[in-house]
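For the sequence shown, the numbering used here assigns the number 2 to the initial residue and increments by one for each residue that follows. Each residue gets a CB set at the ideal place from its N, CA and C atoms; glycine is no exception. The structure presented is a predicted model; accordingly, all values stated were derived computationally and were not measured. Report on the following structure.
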Amino acid sequence: PNVEAGKDSTTIPEDKVKDGSEVSAKAKDPAGNESAESKGNAGNNADHTAPSAPEVTPSSTDGSVKVKVPGDAEAGDTVEVTVTPEGSNTPEKVTLTKQPDGSWTSDKPAIVPNVDAGKDSTTIPEDKVKDGSEVSAKAKDPAGNESAESKGNAGNNADHTAPSAPEVTPSTTDGSVKVKVPSDAEVGDTVEVTVTPEGSNTPEKVTLTKQPDGSWTSDKPAIVPNVEAGKDSTTIPEDKVKDGSEVSAKAKDP
């Protein structure tokens, strides 16, 4: 470029000179007298390109969250993950740093595990991220270039707890059998009752399903009656169950 009046220099833009090439300059007057030549080598263009954005993918089956690191990241690039730990309301920042061997090292691996060499993602365990909380991630290089931010909301932890066991109590005065449903059952939970009907030698399975109003609906109410809302049990009438036969019941959630 031109040298403006009052200025003593000009700058060759980085995109107009080959990286690493020699640049020389010498002064000359109209009489042909030349100065000594000055030389220097152009450096590398500044890095203006951020790594690609990481990907945040909540699990559809439990509360874990997968974080995929960018495939075009270079050693020294980082991915900053913001996550709210289980049992906390305060988000924490966790930094993954790419290593020369292709792995990514976490500064808080108990929350966001390292990424092994040859892998492209890590998974935040369901018990390390608060249910329903937002998880975000963005990539950054040492020059300060940042990718777009990816976000996702953690789901709920998988249910690993079964309802309490139902209770089966034969009457001491007749042939009826009382079935008490579990009080800690949730809507959609079931109680499967196995009973041999009067006059039969073949056991039948009858399913009671808990409803939103607290009642339980039987799929064979002629054998095992429904449980009314506000009640905690049903009674199989004496003429619907074979004398001396075994009656069993077990609870199950979805």
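* May I ask you to list the residues that DSSP assigns as paired with Thr191? => The partner list for Thr191 (beta bridge, DSSP) reads Thr210 and Lys253.
* What residue does the beta strand (DSSP E) around Gln42 start on, and which one ends it? -> According to the sequence as given, residue 42 is Asn; it is not Gln. Here the beta strand (DSSP E) through Asn42 covers Ser39 to Asn42.
* For the candidate residues Ser249, Asp190 and Lys17, whose alpha-carbon lies nearest to that of Ala334? -> An answer regarding residue 334 cannot be provided, because it is not within the stretch 2 to 255 covered by the chain.
* **Which of helix, strand or coil DSSP assigns to Lys221** => For Lys221, the secondary structure class from DSSP, reduced to helix, strand or coil, is coil.
* In the DSSP assignment, what residue or residues form a beta bridge with Ser151? -> Beta-bridge pairing links Ser151 to Ala138.
* **DSSP state of Lys8 mapped onto helix, strand, coil** => Coil at Lys8, not helix or strand.
* In or out: Ala37 buried (at least 16 other Cβ within 10 Å) or exposed? -> So Ala37 ends up on the exposed side.
* To do: Classify Lys259 as helix, strand or coil using the three-state DSSP reduction.
  => With the chain covering only 2 through 255, there is no way to say anything about residue 259.
* To do: Report the rounded CA-to-CA distance for Lys139 versus Pro101, giving the unit in angstroms.
  => Going from the Cα of Lys139 to the Cα of Pro101 covers about 20 Å.
* Asked: In its own chain, which residues sit with a C-beta less than 6 Å from the C-beta of Thr98, not counting the 5 before and 5 after it?
  -> Result list for Thr98: Thr79 and Thr106, in chain order.
* Which partner residues does Val242 have in the DSSP bridge list? -> Under DSSP, no beta-bridge partner is assigned to Val242.
* Short check: CB of Val248 to CB of Val182, under 7 Å? -> Not a contact, by the Cβ cut-off of 7 Å.
* Residue from Val130, Gln212 and Thr208 whose Cα sits closest to the Cα of Glu187 -> Closest by alpha carbon: Gln212.
* To do: Indicate the three-state DSSP secondary structure (helix, strand or coil) for Lys99 in the structure shown.
  => Of the three classes helix, strand and coil, the one that applies to Lys99 here is strand, per DSSP.
* Runs of beta strand (DSSP E) wholly within the stretch 55 to 114 (minimum 3 residues, chain order) -> 56 to 59, 66 to 69, 79 to 84, 93 to 99 and 105 to 107, all fully within the stretch 55 to 114.
* Val24: first and last residue of the uninterrupted beta strand (DSSP E) it sits in -> For Val24, the enclosing beta strand (DSSP E) stretches over residues Glu23 to Ala26.
* Rounded C-alpha distance that separates Thr208 from Asn115 -> For Thr208 and Asn115, the gap between their C-alpha atoms comes out near 46 Å.
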